[in-house]
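Residue numbers (our numbering), protein chains in the order written: chain A, 15 to 130; chain B, 443 to 554.
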Amino acid sequence: AQTVTQSQPEMSVQEAETVTLSCTYDTSENNYYLFWYKQPPSRQMILVIRQEAYKQQNATENRFSVNFQKAAKSFSLKISDSQLGDTAMYFCAFMRAGGGADGLTFGKGTHLIIQP
Amino acid sequence: NAGVTQTPKFRVLKTGQSMTLLCAQDMNHEYMYWYRQDPGMGLRLIHYSVGEGTTAKGEVPDGYNVSRLKKQNFLLGLESAAPSQTSVYFCASSYPRVRPQHFGDGTRLSIL
């Protein structure tokens with residue numbers, strides 16, 4: 015079984031600052047996917063970024079980037095030039111690769127607050 | 443393009459009542475999932491389906507049943523609702539190989 019740990023229940027930064035959210039995971043799998051989802055107060059689950067474990071290059075999506083350390087089983091999310099609209103719960107999630115369906119295994123989330 | 447649609451968005455039940463949550467997707471996805479989200483926790487997988495007519499248990503299946511009679515629909519049933527099933531329920535769908543899951547907007551279910 016996989017576990018995902020987000021050690022920061024809540025973080026608060028000023029608008030325009032850079033913030034990094036931590037995520038560690040435990041698995042015996044070699045091939046898998048990692049995701050960051052954003053959940054604003056509207057309750058929607060919005061995919062922010064994904065990373066395939068076989069890719070060494072860290073994924074980036076505009077202001078969002080990850081630091082993927084496979085050996086350390088670490089997958090942190092960096093948000094640059096933070097904006098008020100980034101205020102939300104952020105969930106790190108793991109999924110095994112390969113055949114068959116697998117659900118996502120989520121961490122407990124980090125509540126990110128962007129202060130004006 | 444509606445994506446993943448959940449019905450209803452809110453519901454209040456009494457203990458022992460039954461109900462069915464409906465999830466519909468219009469993206470022709472093979473895989474569909476039901477999750478629940480409780481306060482202070484991430485989403486947990488209840489049941490999932492890899493195709494029409496097939497279902498499988500996830501992490502927290504007890505007290506729930508599911509059916510996938512049509513590819514685009516995935517139903518979650520509570521036969522005898524219990525207060526412990528008060529939660530927000532999310533449906534998601536995806537293609538088999540390209541794995542990002544697309545989520546519905548959730549159903550808030552309260553059981554008194």
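The beta-carbon is built from N, C-alpha and C at its ideal position, and this holds for glycine as well. Being a predicted model, the structure only gives us computed values, none of them experimental.
The criterion of a C-beta distance shorter than 8 Å is not satisfied by Q20/A and T119/A. Counting only Cβ-Cβ distances below 7 Å, F532/B has contacts in chain A at M59, in chain order.
Apart from sequence neighbours up to five positions away, the residues of its chain that approach G548/B with a beta-carbon distance below 6 Å are V530, F532, ordered along the chain. At a cut-off of 8 Å between beta-carbon atoms, Y475/B makes contact with chain A. By the Cβ neighbour-count rule, V80/A is buried, with 16 or more other Cβ atoms within 10 Å of its own. With respect to the 8 Å criterion, C37/A and F78/A are not classified as neighbours on the basis of their beta carbons.
Neighbourhood of M469/B in chain A, by CB distance below 8 Å: empty, with the nearest CB roughly 14 Å away.
The beta carbon of K456/B sits closer than 8 Å to those of A523, I553, L554, all from its chain and outside the five residues before and after it, given in chain order.
Nearest C-alpha to N76/A among I63/A, A107/A, Q70/A, K87/A: I63/A. Using a CB distance cut-off of 8 Å, Q543/B counts as an interface residue toward chain A. Each residue's CA atom was taken as its position, placing F82/A and R550/B some 34 Å apart.
When only Cα atoms are considered, L35/A and F545/B end up about 22 Å apart. When Q448/B, V492/B, L520/B are compared, the shortest CA-CA separation from D504/B is found for L520/B. M461/B has a beta carbon lying at 8 Å or more from every beta carbon in chain A. For the pair S535/B and Y104/A, the Cα-to-Cα distance works out to about 20 Å. According to the DSSP assignment, T549/B belongs to the beta strand (DSSP E) that extends over 549-553. Around the beta-carbon of A30/A, fewer than 16 other beta-carbon atoms lie within 10 Å, marking it exposed. Out of I128/A, A102/A, A107/A, L126/A, the CA that lies nearest to the CA of T41/A is found in A107/A. In the assembly as shown, I93/A is a buried residue. Its beta-carbon has 16 or more other beta-carbons within 10 Å. Taking L464/B as reference, the option from N470/B, M474/B, G458/B with the minimal CA-CA separation is M474/B. Note that the C-beta distance between L487/B and G495/B is not below 8 Å.
The criterion of a C-beta distance shorter than 8 Å is satisfied by G445/B and Q467/B.
Secondary structure in the stretch 462-529 of chain B: the beta strand (DSSP E) runs of 3 residues or longer, each lying completely within the stretch, are 473-479, 485-493, 496-499, 507-509, 515-520 in chain order. When DSSP states are grouped into helix, strand and coil, L98/A belongs to the helix group.
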